Structures are given as structure tokens and as C-alpha cells.
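Enquirer: If you scroll down you'll find the structure; I have some questions about it.
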Amino acid sequence: MTKNTIEYKSIKDYGYEDFCDWMWISANYVPFMSLVTKEECEYADGGFGAVSPIREAIKRGANKVDAIILEAENMEHTKVLGKNPFSLMVNLYGFVIDQIEYHNIAEGKLAALAKDVQLNLFYTPTKLTENSLIFDKVLMKTWWQRGFDTAKKRIASSKVEYNP
Numbered sequence: 003m004t005k006n007t008i009e010y011k012s013i014k015d016y017g018y019e020d021f022c023d024w025m026w027i028s029a030n031y032v033p034f035m036s037l038v039t040k041e042e043c044e045y046a047d048g049g050f051g052a053v054s055p056i057r058e059a060i061k062r063g064a065n066k067v068d069a070i071i072l073e074a075e076n077m078e079h080t081k082v083l084g085k086n087p088f089s090l091m092v093n094l095y096g097f098v099i100d101q102i103e104y105h106n107i108a109e110g111k112l113a114a115l116a117k118d119v120q121l122n123l124f125y126t127p128t129k130l131t132e133n134s135l136i137f138d139k140v141l142m143k144t145w146w147q148r149g150f151d152t153a154k155k156r157i158a159s160s161k162v163e164y165n166p
């Protein structure tokens, strides 16, 4: 936030503890979480700058990209809008994040075509939730398993390579 720009961090440039900090900061969902001060700057993200930075990975030399999109492939759905200012703000924030993600994916597809990069997009089989601020361990485990099973089927039925 302090620098008013998106910063991308590579695990190659940081030690374990520092990179863990950057991972945590990248999931910092402002305004629902506080800003983080690191290296005399305040940081926030939660995907607000780039949800799926596929194009950035390609710019940095990736020749194969596997992107897990935590959204159904058809991102169109009717939302139930809140009746109070807080829930309307959450809905607006979700709309903006969805638009950023949609554009990140489109830019990534174009960059992959232009640079002849293998791009594998893995979407969730259905819309997971309307509220990503609710954590239900049992439900999240179910989502994970459904996503894993869907990806496994896709890999088995397509040219996507899987090397565990």
C-alpha cells in the first residue's frame, strides 16, 4: 500500500521465515484484516492487486503454468445482495475481486498463447461460497476433496501431464 504498486515475491529471493511473512501478507484481506508493516512499508493484498498472476509468471520465464482458480469456470452467478452497508461492501469487494481474477486469467491466456507457454487452468467444480471470511474445517475439507477429484479426472482425460 505504501508504494502504491503490486510487488511480486519469489521464494528464490528470501529465506524461509521472510517468505512465510510474504505469503501471509499476500492473503491479508483488507479491510477485514489489518495492514502489515514490513521493511518500513505497509502491505495489504487479499488478491486486490492480482488474484491469478499468470502473466507475471510467464514474464518471469515460466514455460508451463498450472493455475488453480478457486471459482467455477463459469463465473456468472446471481448474488443475494445484503441489506445493510457492511454486507453491501462485502458484495462490492467480491465483485471487484471477481473482475480482477477474470482479467488476470484472460491476460494469462493471451500471454501463454503469445509465448507458447503450456497453461493448465484448474477450476473448482462449483461455486464454493458467497462468504470467504467463514472458515468451516469440515466444509473446506469437502471442497478440497471435490477439487482434487475434479482435477484428477481432468488430468486422466486430457493431455495435462502430472508428475508427483
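For the sequence shown, the numbering used here assigns the number 3 to the initial residue and increments by one for each residue that follows. From the three backbone atoms N, C-alpha and C, an ideal C-beta is built for every residue, glycine too. All of these numbers come straight from a predicted model, not from anything done at the bench.
Report the option in 58, 119, 32 whose CA atom is closest to the CA atom of residue 8.
Expert: Taking only the C-alpha atoms, the option nearest residue 8 is 58.
Enquirer: To the nearest angstrom, how far is the alpha carbon of residue 89 from that of residue 37?
Expert: Between residue 89 and residue 37, the C-alpha separation is close to 21 Å.
Enquirer: Applying the 10 Å Cβ sphere with the 16-neighbour rule, what's the burial state of residue 87?
Expert: Exposed, since its Cβ has fewer than 16 Cβ neighbours within 10 Å.
Enquirer: Is the beta carbon of residue 60 sitting closer than 7 Å to the one on residue 117?
Expert: Against a cut-off of 7 Å, the Cβ pair of residue 117 and residue 60 comes out as a contact.
Enquirer: Residue 56 and residue 69: beta carbons closer than 7 Å?
Expert: Yes.
Enquirer: Given that a residue counts as buried once 16 or more other Cβ atoms are within 10 Å of its Cβ, and exposed if not, what is residue 1?
Expert: Since the first residue shown for the chain is 3 and the last is 166, residue 1 is missing from the structure and cannot be characterised.
Enquirer: Kindly indicate which residue of 41, 52, 28, 5 has the alpha-carbon position closest to the one of residue 167.
Expert: The structure shown does not extend to residue 167, since the chain spans only 3 to 166, so no value can be given for it.
Enquirer: Along the chain, where does the beta strand (DSSP E) that runs through residue 137 open and close?
Expert: First-last for residue 137: undefined, no H or E at that position.
Enquirer: Just to confirm before moving on: does the CB-CB distance between residue 131 and residue 149 stay below 7 Å?
Expert: No.
Enquirer: Beta-carbon separation of residue 107 and residue 54 under 7 Å?
Expert: Contact flag set, yes.
Enquirer: Buried or exposed, going by whether 16 or more other CB atoms sit within 10 Å of the CB of residue 121?
Expert: It is buried - the Cβ of residue 121 has at least 16 other Cβ atoms within 10 Å.
Enquirer: What is the rounded straight-line gap between the Cα of residue 139 and the Cα of residue 50?
Expert: About 25 Å.
Enquirer: Where does residue 73 land, buried or exposed, given buried means 16+ other C-beta within 10 angstroms?
Expert: Classification of residue 73: buried, given that the 10 Å Cβ count is 16 or more.
Enquirer: Rounded to whole angstroms, what is the Cα-Cα separation between residue 66 and residue 5?
Expert: Answer to the nearest angstrom: the Cα atoms are 31 Å apart.
Enquirer: Under DSSP, the alpha helix (DSSP H) around residue 173 begins and ends at which residues?
Expert: In the structure as shown, the chain begins at 3 and stops at 166. Residue 173 is therefore absent and cannot be evaluated.
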